[in-house]
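The structure appears right after this line, and notes come after that.
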Amino acid sequence: MTQIRKVMVFGTFDILHAGHENMFKQARELGGYIIAVIARDSTVKKIKGRATINNESQRIKNLKKTELIDKIVLGDENDKYFAIKKYRPNIIALGYDQFAFTYGIKSLIIQLKLDASIHRLKPYRPDVYKSSLIAKRIHSGIIKKEIKTTIYENQGEQLLCDA
Numbered sequence: 002m003t004q005i006r007k008v009m010v011f012g013t014f015d016i017l018h019a020g021h022e023n024m025f026k027q028a029r030e031l032g033g034y035i036i037a038v039i040a041r042d043s044t045v046k047k048i049k050g051r052a053t054i055n056n057e058s059q060r061i062k063n064l065k066k067t068e069l070i071d072k073i074v075l076g077d078e079n080d081k082y083f084a085i086k087k088y089r090p091n092i093i094a095l096g097y098d099q100f101a102f103t104y105g106i107k108s109l110i111i112q113l114k115l116d117a118s119i120h121r122l123k124p125y126r127p128d129v130y131k132s133s134l135i136a137k138r139i140h141s142g143i144i145k146k147e148i149k150t151t152i153y154e155n156q157g158e159q160l161l162c163d164a
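Convert by adding 1 to the 1-based position in the sequence shown; the result is the number in this note's numbering.
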């Protein structure tokens, strides 16, 4: 019997878009069970120097609606590697532009004697589907923040925002 491989992804997942969907699909190809670790509001503020558009509970709700993730957990404010220690994934899938908290993962895998590998996921149209670019368009009024919980078209771009 083949064991289902657990794949762990990390992110803020503030404004869900086609780039995230592609990330989750790439992760699914690596294993059968996807665990998403959502960054805490306080962690995002500390790392990115700004608040999220959607708070952590709304981001969890939005991610659940995609039905692309098997388990969603909040990151730990005191131990950035807590989710890895608790869920012991077989694959840690990192986004193409994800570098915060990634420097110690290799040594953690060795320390915990995990049968795990690190996989860097490929970008999907990063010139369009990058959360920071979409956030700028929301702040500038190009995309209305009030459009919530639906996938919609805006100048040919498919976005999934909060609701």
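Beta carbons: idealized from backbone N, C-alpha and C, even for Gly.
If you're wondering where the values come from, they're calculated on a predicted model, not measured in any experiment.
8 Å Cβ shell around residue i - same chain, five flanking residues per side excluded
{"i": "Ala52", "result": "Asp42, Val45, Lys46"}
{"i": "Leu64", "result": "Phe14, Leu17, Ala37, Ile39, Ile70, Ile73"}
{"i": "Leu31", "result": "Arg6, Val8, Ile92, Ala94, His120"}
{"i": "Arg60", "result": "Thr13, Phe14, Asp15, Ile39, Thr53, Asp163"}
Sub-9 Å separation of residue i and residue j beta-carbons
{"i": "Gly96", "j": "Tyr82", "result": "no"}
{"i": "Lys7", "j": "Ile92", "result": "yes"}
{"i": "His120", "j": "Thr67", "result": "no"}
{"i": "Leu122", "j": "Ile85", "result": "no"}
{"i": "Met9", "j": "Pro90", "result": "yes"}
{"i": "Ile5", "j": "Tyr34", "result": "yes"}
Own chain, CB closer than 6 Å to residue i, minus 5 neighbours either side, in chain order
{"i": "Asp77", "result": "Phe83"}
{"i": "Phe102", "result": "Lys81"}
{"i": "Leu113", "result": "none"}
Closest residue to residue i among the options (Cα-Cα distance)
{"i": "Asp98", "options": "Gln4, Gly12, Ile5, Leu31", "result": "Gly12"}
{"i": "Lys49", "options": "Phe100, Gln4, Gln59", "result": "Phe100"}
{"i": "Ala94", "options": "Glu57, Ala28, Tyr34", "result": "Ala28"}
For residue i, the residue or residues it bridges with in DSSP
{"i": "Leu95", "result": "Arg121"}
{"i": "Tyr34", "result": "Lys7"}
{"i": "Val74", "result": "Val38"}
{"i": "Gly12", "result": "Ile39"}
Close Cβ partners of residue i (< 7 Å) along its chain, the five nearest in sequence each way excluded
{"i": "Leu109", "result": "Tyr82, Ile85"}
{"i": "Tyr88", "result": "Lys7, Met9, Ile36"}
{"i": "Leu75", "result": "Ile39, Arg41, Glu57"}
{"i": "Ala117", "result": "Pro90, Asn91, Ile92, Ile93, Ile110"}
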